[in-house]
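What follows is a short report on a single structure.
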Amino acid sequence: FGDEAVRIVQGHDKSSQLFLYLAFQACHAPAEVPQSYMDMFNGSIADEDRRRFAAMFKALDVQVGRVVDVLKARGMYDDTLIMFTTDNGGPTTDSSCYLGKCHSDFNRIDAVGALNFPLRG
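In this note's numbering, the protein residues as written are 325 to 445.
See the structure below:
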């Protein structure tokens, strides 16, 4: 998705507004990331699940950085609103089920919640 977003920004006519919805799948199931990103955390994070999560965030960060860089290079950054949102709440049971390993009696029951307490609950 990063390549396409960069291409769109590079080719955009700056005299008109641009709305770009960029929906990365990181950090989200399936918990997949190129090995090169996993390797970045080999010496600093022992647990493979936590290393994978950090690697997914790093991959996301790199791609967002590429979009920011092209916005700056084209002189569009100062008039840009960047918003980050998520798609739903996190697991309400054993959070390791997200990474495919369950350590509870729930055994991969779909237990994703969307709680916004203390707002509306």
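All C-beta atoms in this analysis are idealised placements derived from N, C-alpha and C, irrespective of residue type, glycine included. Predicted model, so just to flag it, every value in this text is computed and none were measured.
Item: Which of the three DSSP states, helix, strand or coil, is assigned to residue 397?; Value: helix
Item: State the DSSP-derived secondary structure class of residue 377, mapped to helix, strand or coil.; Value: helix
Item: Under the rule that 16 or more other beta-carbon atoms within 10 Å means buried, what is residue 386, buried or exposed?; Value: exposed
Item: Answer yes or no: do residue 326 and residue 390 have a C-beta to C-beta separation smaller than 7 Å?; Value: yes
Item: So, with DSSP's three-state summary, where would you put residue 406?; Value: coil
Item: What number of angstroms, rounded off, separates the C-alpha of residue 388 from the C-alpha of residue 346?; Value: 9 Å
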